[in-house]
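Shown next, in the form of structure tokens:
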């Protein structure tokens, strides 16, 4: 098992921010370090991290990131990634688990660095695969054990994904989703939802279950109509770099109608790097890029907007 300072799956880069400039690992090559050398359209990716943005006037946490996922070509420790984020006004992160291994990593990272809080879960796509092998129940049981840790503040990412999991695996996804809702409720944790191409069924399950007090749509991917449903139910909307993409008209419409006290921001790093760096490696230090875009879209004062986002994050996850 990898340690927090040398994780098996760490964001990597040829480097622009100072914290992303340590020497490559001995024997490492781009071929065996990057998560993918091509983007979704098959084009060659630029594997260098974007330049660091100007610091925010008030600190805003990244409420969903994956510090253990690997990208780029240079090793970066958790501490280095957080130092780079701190330098631009990102004081802390929620490190999110997708399976047992990454959830255990999240707990270790949160226990070792006060700038990290943890979320633990079995990702819906993993839930479908584990159900096929008969391992889902044991995995969910381990997530419930981890949920008792004081530094675990959310159960997630859990939910439904109809993009990668087709019909045969969807009942297992829903069973897992309902179990994660129970765990979040019984342990008084926030619920972080992964919802991809499954809006109607995610809402159906949420309305059918007794929910924890705090519910977050991670990487909100709906439109103004779904945003209004979140408004009515007090569910939080967490926007990622996708809101900055040129074709994301529905996301910007959702941002415009979302109740300000329900809005948060995330990277989902190393994925979903904001415009104009789409396709390059992402990291928590790029939160200011998305926050500035959101504030401009809303016509809001930047510092006031940062204070609102930070307060919303504290209400959901508590103090670091």
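In the numbering used here, the protein residues as written are 8 to 327.
Here a beta-carbon is modelled for each residue, glycine too, at the ideal position from N, C-alpha and C.
For residue 129, the three-state secondary structure derived from DSSP is coil. Residue 109 is classed as buried because its beta carbon has at least 16 other beta carbons within 10 Å across all chains shown. The beta carbon of residue 99 lies closer than 6 Å to those of 68, 122, 327 in the same chain, with the five residues before and after it left out. With respect to the C-alpha of residue 167, the residue from 272, 201, 222, 260 having the closest C-alpha is 201. For residue 209, the secondary structure class from DSSP, reduced to helix, strand or coil, is helix. Judged by beta-carbon spacing, residue 274 lies within the 8 Å limit of residue 294, meaning their Cβ atoms are closer than that value. When DSSP reads this structure, residue 236 sits in no beta bridge, so it has no partner. In the same chain as residue 155, and ignoring 5 residues on each side of it, the C-beta atoms closer than 8 Å to its own belong to 194, in chain order. Straight across, the Cα-Cα distance linking residue 203 with residue 224 is about 10 Å. Residue burial annotation: residue 61 is exposed, with fewer than 16 other C-beta atoms found within 10 angstroms of its C-beta. By a beta-carbon distance limit of 8 Å, residue 182 does not contact residue 125. Their separation comes to about 24 Å.
Within the same chain, 51, 52 come within 7 Å of residue 45 by CB-CB distance, once the 5 residues on both sides are set aside. For residue 118, the enclosing alpha helix (DSSP H) has its first and last residue at 107-119. Counting along the chain, residue 268 sits inside no beta strand (DSSP E), nor does DSSP assign it H or E at all. For residue 72, the secondary structure class from DSSP, reduced to helix, strand or coil, is strand. In the displayed model, residue 310 falls within a helix according to three-state DSSP.
The Cβ atoms of residue 95 and residue 63 lie closer than 8 Å to each other. Counting only residues of its own chain and dropping the five nearest sequence neighbours on each side, residue 133 has a CB closer than 6 Å to the CB of 106. Relative to the Cα of residue 120, the nearest Cα in the group 85, 143, 129 belongs to 85. By the Cβ neighbour-count rule, residue 291 is buried, with 16 or more other Cβ atoms within 10 Å of its own. The region 295-315 and the region 263-281 touch, with three or more beta-carbon pairs separated by less than 8 Å. Burial check for residue 207: the Cβ neighbour count within 10 Å stays below 16, so the residue is exposed. Here residue 151 carries a helix assignment [DSSP, helix/strand/coil]. For residue 160, the uninterrupted beta strand (DSSP E) segment begins and ends at 159-168. Annotated as distal: residue 261 and residue 279, with beta-carbon spacing of 8 Å or more.
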